[in-house]
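Enquirer:
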Amino acid sequence: MQDRLCDAILVNDSVKGELSRTILYTFDTHDGMPLYRETENNPGHLGSQTVTVKYSGNDTDTKFPSDYFGETNLLENYGEIFLRFREGTYAASDRVGQKSPEFSHKWGEHRFSSDQLKGQNCLLLFLDERGEFCKQALQIAESVSLQENLTPVILYIEKQPENIENRSGAIILEYTGKTAGEYGVTGYPTLFLLDPEGTIRFVKIGYSPLLAEELELAVRQILHDRPIQAQKNK
Numbered sequence: 027m028q029d030r031l032c033d034a035i036l037v038n039d040s041v042k043g044e045l046s047r048t049i050l051y052t053f054d055t056h057d058g059m060p061l062y063r064e065t066e067n068n069p070g071h072l073g074s075q076t077v078t079v080k081y082s083g084n085d086t087d088t089k090f091p092s093d094y095f096g097e098t099n100l101l102e103n104y105g106e107i108f109l110r111f112r113e114g115t116y117a118a119s120d121r122v123g124q125k126s127p128e129f130s131h132k133w134g135e136h137r138f139s140s141d142q143l144k145g146q147n148c149l150l151l152f153l154d155e156r157g158e159f160c161k162q163a164l165q166i167a168e169s170v171s172l173q174e175n176l177t178p179v180i181l182y183i184e185k186q187p188e189n190i191e192n193r194s195g196a197i198i199l200e201y202t203g204k205t206a207g208e209y210g211v212t213g214y215p216t217l218f219l220l221d222p223e224g225t226i227r228f229v230k231i232g233y234s235p236l237l238a239e240e241l242e243l244a245v246r247q248i249l250h251d252r253p254i255q256a257q258k259n260k
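Heads up: the sequence shown begins at 27 in this note's numbering, then just goes up one per residue.
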């Protein structure tokens, strides 16, 4: 972790405040290679399940460059693999040209309904508050919304992270997993552009270094009433 070796990592996944999964990883303190992984699904319940994986040693002594698993390298050199995965997995791209599903969520002391977006060019951004790429996608969505006079709606799968400045005056909604499912979202970030009639005109799945340019182009096409398509990372 940041060039320091560690013995183990314990990961807790929760849904609406309830623990849903724990994952324990242990590592060799000399070379950092994994030794053991234990995953417990639905811990503390009758239907809990534990899966363990033990890693055997090898003599290959594979050394990866420090940036091998970095964002730039993966997107540039393995983009085709990422694209095939998304084409076979993500249903959000099929929503282009369809009416956007209706939703209603708690919003502060009130409720916010998708009906309130009618007559506006809107940006919907579905986020996982813990995702690294989600932070970058949020910054770009805010910037483009301000620049192009869009109405931004940020939909977090759980809670909004603390100390996040709302620069664009976006509508912030939390615990939106059900709505994400209705929009075909199975990965984060996923972004939708809606026209004033509520039709989905553009979908962007995932993050890429060219996200800002792709989004600006899509907005201009919407404003000029030209057909556009779903975008997936390459």
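Cβ atoms here follow ideal geometry from the backbone N, Cα and C, with glycine treated the same way.
As the structure is a prediction and not an experimental result, all values here were calculated from the model.
Return the residue from the list L199, S119, K144 and L181 that minimises the CA-CA distance to E135.
Expert: When only C-alpha atoms are compared, the closest one is L199.
Enquirer: Roughly how many angstroms separate the alpha carbons of N38 and L45, rounded to a whole number?
Expert: Rounded to whole angstroms, N38 to L45 spans 7 Å at the Cα level.
Enquirer: May I ask which residues mark the beginning and end of the beta strand (DSSP E) holding A34?
Expert: That run of the beta strand (DSSP E) goes A34 to V41.
Enquirer: Is N103 helix, strand or coil when you go by DSSP?
Expert: It is helical.
Enquirer: Since T52 contacts E66 with CB under 8 Å, what's their CB separation in whole angstroms?
Expert: That pair is no contact at about 15 Å.
Enquirer: Roughly how many angstroms separate the alpha carbons of E239 and T55, rounded to a whole number?
Expert: Answer to the nearest angstrom: the Cα atoms are 43 Å apart.
Enquirer: Judging by CA-CA distance, which residue of G145, R47, V41 and I35 is the nearest neighbour of M59?
Expert: Closest by alpha carbon: I35.
Enquirer: Check S46 in the structure and name its three-state DSSP category.
Expert: DSSP places S46 in strand when its eight states are reduced to three.
Enquirer: What are the boundary residues of the beta strand (DSSP E) that K230 is part of?
Expert: Taken as a continuous stretch (DSSP letters only), the beta strand (DSSP E) holding K230 covers I226 to I231.
Enquirer: Going straight from the alpha carbon of V41 to that of E188, what length do you get?
Expert: The alpha-carbon atoms of V41 and E188 are separated by roughly 18 Å.
Enquirer: Give me the residue from N147, R156 and Q186 with the minimum Cα distance to L172.
Expert: Of the candidates N147, R156 and Q186, the one whose C-alpha sits nearest the C-alpha of L172 is N147.
Enquirer: With distances taken Cα to Cα, identify the nearest neighbour of D221 among L236, P215, V211 and A244.
Expert: Closest option to D221, Cα to Cα, is A244.
Enquirer: Leaving out the 5 sequence neighbours to the left and right, which residues in its chain are closer than 8 Å to A118 when beta-carbon positions are compared?
Expert: Only Y209, G210, V211, T212, T216, F218, V229, I231 and A256 meet the Cβ criterion.
Enquirer: Around the Cβ of Y214, are there at least 16 other Cβ atoms within 10 angstroms (buried) or fewer (exposed)?
Expert: So Y214 ends up on the buried side.
Enquirer: Is DSSP giving E174 helix, strand or coil here?
Expert: Helix at E174.
Enquirer: Within the same chain, show all residues whose beta-carbon is closer than 6 Å to that of Y182, passing over the 5 residues directly before and after it, in chain order.
Expert: These residues qualify, in order along the chain: L153, E155 and E200.
Enquirer: Leaving out five residues before and five after T225 in sequence, what residues of the same chain have Cβ atoms less than 8 Å from its Cβ?
Expert: The answer, listed in chain order, is G123, Q124, K125 and S126.
Enquirer: If you draw a straight line from the C-alpha of L241 to the C-alpha of R193, how long is it?
Expert: Each residue's alpha carbon lies about 18 Å from the other.
Enquirer: How many Å lie between L150 and G203 at the Cα?
Expert: Whole-angstrom Cα-Cα distance: 14 Å.
Enquirer: Just list the residues that DSSP pairs L237 with in beta bridges.
Expert: L237 is not bridged to any residue.
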